[in-house]
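Position 274 (the sequence shown) corresponds to 277 in the working numbering; numbering is contiguous.
Working notes for the structure below.
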Amino acid sequence: MTIRIYNTLTREKEEFVPLRDKKVGMYVCGPTVYDFFHIGNAYPFVVMDSVRRYLEYRGYDVTYVKNLTDIDDKMIKRARELNISVGELAERFIREYFVDADALGIRRAEFHPRATDHVPEIIALIQKLIQKEHAYPVGGGDVFFDTRSFKGYGKVSRQNLEELEAGARVEVDERKRYPLDFVLWKAEKPGEPSWDSPWGKGRPGWHIECSAMAMKYLGETLDIHAGGPDLVFPHHENESAQSEAATGKLFVRYWMHTGFLKMGQEKMSKSLGNVLNIRELSKRFGGETLRFFLLSAHYRTPLEFSEENLTSAGTALQRLRNSYENIRHRVQAREALGENPNESGAGAERLLAEVRAGKTKFITSMDDDFNTGEALGAFFEIARSVNTLLGQESSPPLPVLRQIREVYRELGGVLGILTPEARDAGLEADLEDLIRKREEARRQKDWAQADQIRADLLDRGIVLEDTSEGVRWKKALPPVGAR
Ligand SMILES: [Zn+2]
Numbered sequence: 004m005t006i007r008i009y010n011t012l013t014r015e016k017e018e019f020v021p022l023r024d025k026k027v028g029m030y031v032c033g034p035t036v037y038d039f040f041h042i043g044n045a046y047p048f049v050v051m052d053s054v055r056r057y058l059e060y061r062g063y064d065v066t067y068v069k070n071l072t073d074i075d076d077k078m079i080k081r082a083r084e085l086n087i088s089v090g091e092l093a094e095r096f097i098r099e100y101f102v103d104a105d106a107l108g109i110r111r112a113e114f115h116p117r118a119t120d121h122v123p124e125i126i127a128l129i130q131k132l133i134q135k136e137h138a139y140p141v142g143g144g145d146v147f148f149d150t151r152s153f154k155g156y157g158k159v160s161r162q163n164l165e166e167l168e169a170g171a172r173v174e175v176d177e178r179k180r181y182p183l184d185f186v187l188w189k190a191e192k193p194g195e196p197s198w199d200s201p202w203g204k205g206r207p208g209w210h211i212e213c214s215a216m217a218m219k220y221l222g223e224t225l226d227i228h229a230g231g232p233d234l235v236f237p238h239h240e241n242e243s244a245q246s247e248a249a250t251g252k253l254f255v256r257y258w259m260h261t262g263f264l265k266m267g268q269e270k271m272s273k274s275l276g277n278v279l280n281i282r283e284l285s286k287r288f289g290g291e292t293l294r295f296f297l298l299s300a301h302y303r304t305p306l307e308f309s310e311e312n313l314t315s316a317g318t319a320l321q322r323l324r325n326s327y328e329n330i331r332h333r334v335q336a337r338e339a340l341g342e343n344p345n346e347s348g349a350g351a352e353r354l355l356a357e358v359r360a361g362k363t364k365f366i367t368s369m370d371d372d373f374n375t376g377e378a379l380g381a382f383f384e385i386a387r388s389v390n391t392l393l394g395q396e397s398s399p400p401l402p403v404l405r406q407i408r409e410v411y412r413e414l415g416g417v418l419g420i421l422t423p424e425a426r427d428a429g430l431e432a433d434l435e436d437l438i439r440k441r442e443e444a445r446r447q448k449d450w451a452q453a454d455q456i457r458a459d460l461l462d463r464g465i466v467l468e469d470t471s472e473g474v475r476w477k478k479a480l481p482p483v484g485a486r
């Protein structure tokens with residue numbers, strides 16, 4: 004079986020064949036680091052993280068690149084508002100990006116290039132475009148891409164160029180040869196960061212940074228280039244045009260774009276207000292729940308963001324987690340008893356067959372354009388079979404239990420859920436807080452308060468142990484056979 008990917012370029016599902024055997028070069032447009040990123044940004048970040056995990060699971064050697072846009076109009080504006088330098092702003096929100104990405108279980112890329120570290124590469128690419136007469140400097144230090152000089156302009160987004168042209172004419176820049184031409188290099192404005200260039204001091208336009216950095220780390224043709232739906236035009240159209248104009252080669256074999264996250268439901272905006280950034284949402288719902296929610300449907304179908312949907316995602320995830328914890332504890336308990344080579348559990352063979360069938364279904368779903376929604380459905384079927392058997396009196400033999408636990412780990416690893424990191428993220432900060440409060444209550448000899456906190460934690464499955472080195476917490480084992 005091979006993987007099929009819906010390619011925005013051809014508007015078709017195609018068999019995935021990387022350029023170089025099992026090696027995959029994948030570039031995802033990353034955040035502009037002027038603020039905390041929000042749930043809309045998180046959607047493609049999480050989906051593409053799972054695409055990467057799945058490709059690795061299927062034996063591909065993926066080089067994953069995700070840029071950090073650390074210079075643009077928004078960066079400059081925000082730095083002014085906060086009265087700090089653009090560099091300081093970038094440092095701060097790059098740090099914050101990784102905190103939130105960790106909460107969502109988004110793995111680090113092989114490369115997280117920053118635009119401001121790649122100005123020489125960007126300038127070289129613009130020079131090449133000028134040489135090939137695909138770009139032109141105008142008076143004052145700006146350089147534009149000549150969209151009419153590139154025959155394939157419009158092929159990624161399939162935009163109606165005449166309509167776009169008419170729209171662009173409304174605020175046409177007299178110095179452009181054609182209304183759709185876009186800026187590659189912007190002349191310096193007073194008080195803005197700038198770099199020396201053959202056209203005078205200035206800074207790169209947004210689109211050119213991704214072309215320059217993608218080609219530096221992945222070569223002139225990428226296997227996969229991905230982002231949110233709002234990036235198709237103009238960002239990816241322009242990236243494609245300028246890269247192909249410069250190299251004469253296909254820039255991207257498979258363009259992938261997530262669907263829209265539907266927002267602005269009245270119900271939601273009332274309860275959640277405008278707090279849609281991941282920092283706030285993961286405090287409230289947990290990063291793993293947010294991730295689960297973003298993977299709960301196929302990535303190209305629109306996903307409706309609402310408090311209700313987040314809450315039910317949390318409940319569903321908990322069901323899956325309970326099933327996994329159950330099997331994990333069962334394995335631990337049986338290992339403690341020592342292996343018994345003669346044991347044979349009734350129904351174990353049937354259970355294994357069901358689990359294997361579920362795993363095959365999971366893989367088939369993921370092969371079909373990374374349908375995480377269906378894959379999760381298969382995962383839940385596995386959990387149902389497992390819960391049923393574990394609820395019975397006789398337990399399957401240890402090797403069978405271990406195999407089942409391994410399946411949970413594999414499938415959870417592909418989706419980035421049920422991982423040890425996900426289990427502890429979010430929980431810890433909250434726990435430490437409660438443990439401190441209880442310590443304080445004990446110091447004040449407020450035993451009622453201290454006991455109440457201990458009881459509340461026990462309700463959440465956390466056991467506190469008072470040891471000579473202080474308070475330790477651990478998770479209570481769920482009762483064997485619990486659903
Ligand atoms: Zn980009």
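By construction, the Cβ of each residue, glycine as well, lies at the ideal position given by its N, Cα and C atoms.
Keep in mind that this is a model prediction, so the values were computed, not measured.
- Query: Where do the ends of the alpha helix (DSSP H) carrying Leu-379 lie?
  - Reply: Here the alpha helix (DSSP H) through Leu-379 covers 375-393.
- Determine contact between the stretch 405-425 and the stretch 441-449, defined as no fewer than three beta-carbon pairs at a distance below 8 Å. Taking 8 Å as the limit for Cβ pairs, the verdict is that the stretch 441-449 does not touch the stretch 405-425.
- Candidates Leu-293, Arg-408, Glu-240 and Asp-454, of which the one nearest Asp-2 by Cα: Since the displayed the chain opens at 4 and closes at 486, residue 2 lies outside it and no answer follows.
- Item | Backbone secondary structure at Ile-74 - three-state DSSP | Residue state, collapsed to three classes: coil.
- Leaving out the 5 sequence neighbours to the left and right, which residues in its chain are closer than 7 Å to Ile-125 when beta-carbon positions are compared? Take Ile-125, set aside five residues on each side of it, and the residues of its chain with a beta-carbon closer than 7 Å to its own are Pro-207, Ile-211, Glu-212 and Ala-215, in chain order.
- Closest residue to Thr-13 among Val-159, Ala-138, Leu-92 and Tyr-57 (Cα-Cα distance): Out of Val-159, Ala-138, Leu-92 and Tyr-57, Val-159 has the C-alpha closest to the C-alpha of Thr-13.
- Message: Helix, strand or coil, according to DSSP, for Arg-161 in the structure here?
- Response: Three-state DSSP puts Arg-161 in coil, outside helix and strand.
- So the alpha helix (DSSP H) Arg-463 belongs to, where does it begin and stop? No alpha helix (DSSP H) contains Arg-463, which DSSP labels as neither H nor E.
- Task: Look at Phe-382 and Leu-414 and say whether their C-beta atoms are less than 8 Å apart.
- Result: Going by C-beta atoms, Phe-382 is nearer than 8 Å to Leu-414.
- Task: Please determine, among His-41, Ser-326, Glu-310 and His-239, the residue with the shortest C-alpha to C-alpha distance to Phe-96.
- Result: Closest option to Phe-96, Cα to Cα, is His-41.
- Message: Less than 7 Å separating the Cβ of His-238 from some heavy atom of ligand 1?
- Response: In this structure, ligand 1 has a non-hydrogen atom nearer than 7 Å to the beta-carbon of His-238.
- Kindly indicate which three-state DSSP category Thr-11 falls into: helix, strand or coil? Coil at Thr-11, not helix or strand.
- Item | Bridge partner(s) assigned by DSSP for Gly-341 | In the DSSP assignment, Gly-341 is bridged to no other residue.
- Would you kindly report the start and end of the unbroken beta strand (DSSP E) that includes Arg-61? That residue, Arg-61, is in no beta strand (DSSP E); it is neither H nor E in DSSP.
- Span separating the alpha-carbon of Pro-116 from that of Thr-35: C-alpha separation (whole angstroms): 12 Å.
- Query: Among Glu-99, Lys-69, Val-89 and Ala-82, which residue has its Cα nearest to the Cα of Arg-111?
  - Reply: If we check each option's Cα against that of Arg-111, Lys-69 comes out closest.
- Message: Using 8 Å for Cβ pairs, my map puts Lys-16 next to Ile-8. What's the rounded Cβ distance?
- Response: Contact flag correct, Cβ pair sits at about 7 Å.
- With respect to the alpha helix (DSSP H) encompassing Trp-209, which residues constitute its N-terminal and C-terminal limits? From DSSP, the alpha helix (DSSP H) with Trp-209 extends over 209-221.
- Who are Asp-371's beta bridge partners in DSSP? Bridge partners of Asp-371: Arg-7.
- Residues that Leu-306 bridges to, as DSSP identifies them: DSSP output for Leu-306 lists Leu-264 as bridge partner(s).
- Span separating the alpha-carbon of Arg-322 from that of Gly-473: The straight-line gap from Cα to Cα measures roughly 33 Å.
- Starting from the Cα of Trp-258, find the closest Cα among Gly-144, Lys-252, Gln-245 and Val-235 and give me that residue. Looking from the CA of Trp-258, the closest CA among Gly-144, Lys-252, Gln-245 and Val-235 belongs to Val-235.
- Apply the 10 Å Cβ neighbour rule to Pro-123 and answer buried if 16 or more other Cβ atoms are within range, or exposed otherwise. Counting Cβ neighbours within 10 Å, Pro-123 comes out exposed, since fewer than 16 surround it.
- Would you mind listing the alpha helix (DSSP H) stretches within the stretch 90-172 that are 4+ residues and don't spill past its ends, in chain order? Counting only runs of 4 or more, we get 122-134 and 164-172.
- Item | Glu-18 beta carbon near ligand 2 (any heavy atom closer than 7 Å) | This structure lacks ligand 2; its bound ligands are ligand 1.
- Is Leu-221 closer than 8 Å to Gly-501 when the C-beta atoms are compared? Nothing can be reported for residue 501, as the shown portion of the chain is limited to 4 through 486.
- Query: When the Cα atoms are used, what is the spatial distance from Leu-467 to Asn-390?
  - Reply: Leu-467 and Asn-390: Cα-Cα distance of roughly 28 Å.
- Sequence-distant residues of its chain with Cβ nearer than 8 Å to Ser-25 (five each side left out): Checking the sequence shown, residue 25 turns out to be Lys, not Ser. Closer than 8 Å at the Cβ level, and outside the excluded window around Lys-25, lie Gly-62, Tyr-63 and Asp-64.
- Message: On the CB-based measure, 16 or more other CB atoms within 10 Å of its CB, does Arg-333 come out buried or exposed?
- Response: Arg-333 is buried by the Cβ-count criterion.
- Query: Thinking C-alpha only, which one of Asn-280, Ala-229, Glu-409 and Gln-455 is nearest Asn-10?
  - Reply: Selected option, being the one with the closest Cα: Ala-229.
- Message: Any heavy atom of ligand 1 inside 7 Å of the beta-carbon of Glu-242?
- Response: Yes, the beta carbon of Glu-242 sits closer than 7 Å to at least one heavy atom of ligand 1.
- If you draw a straight line from the C-alpha of Gly-394 to the C-alpha of Glu-307, how long is it? Spanning the two alpha carbons is a distance of roughly 35 Å.
- Message: Considering only DSSP beta bridges, list what Ala-190 is partnered with.
- Response: Looking at the DSSP assignment, Ala-190 forms a beta bridge with Gly-205.
- Flag this pair as yes or no: are the beta carbons of Val-403 and Ala-444 separated by less than 8 Å? If you check the CB distance, Val-403 and Ala-444 do not come in under 8 Å.
- Item | DSSP state of Tyr-181 mapped onto helix, strand, coil | Three-state DSSP puts Tyr-181 in coil, outside helix and strand.
- Who are Val-255's beta bridge partners in DSSP? According to DSSP, which records beta bridges pairwise, Val-255 is partnered with Leu-225.
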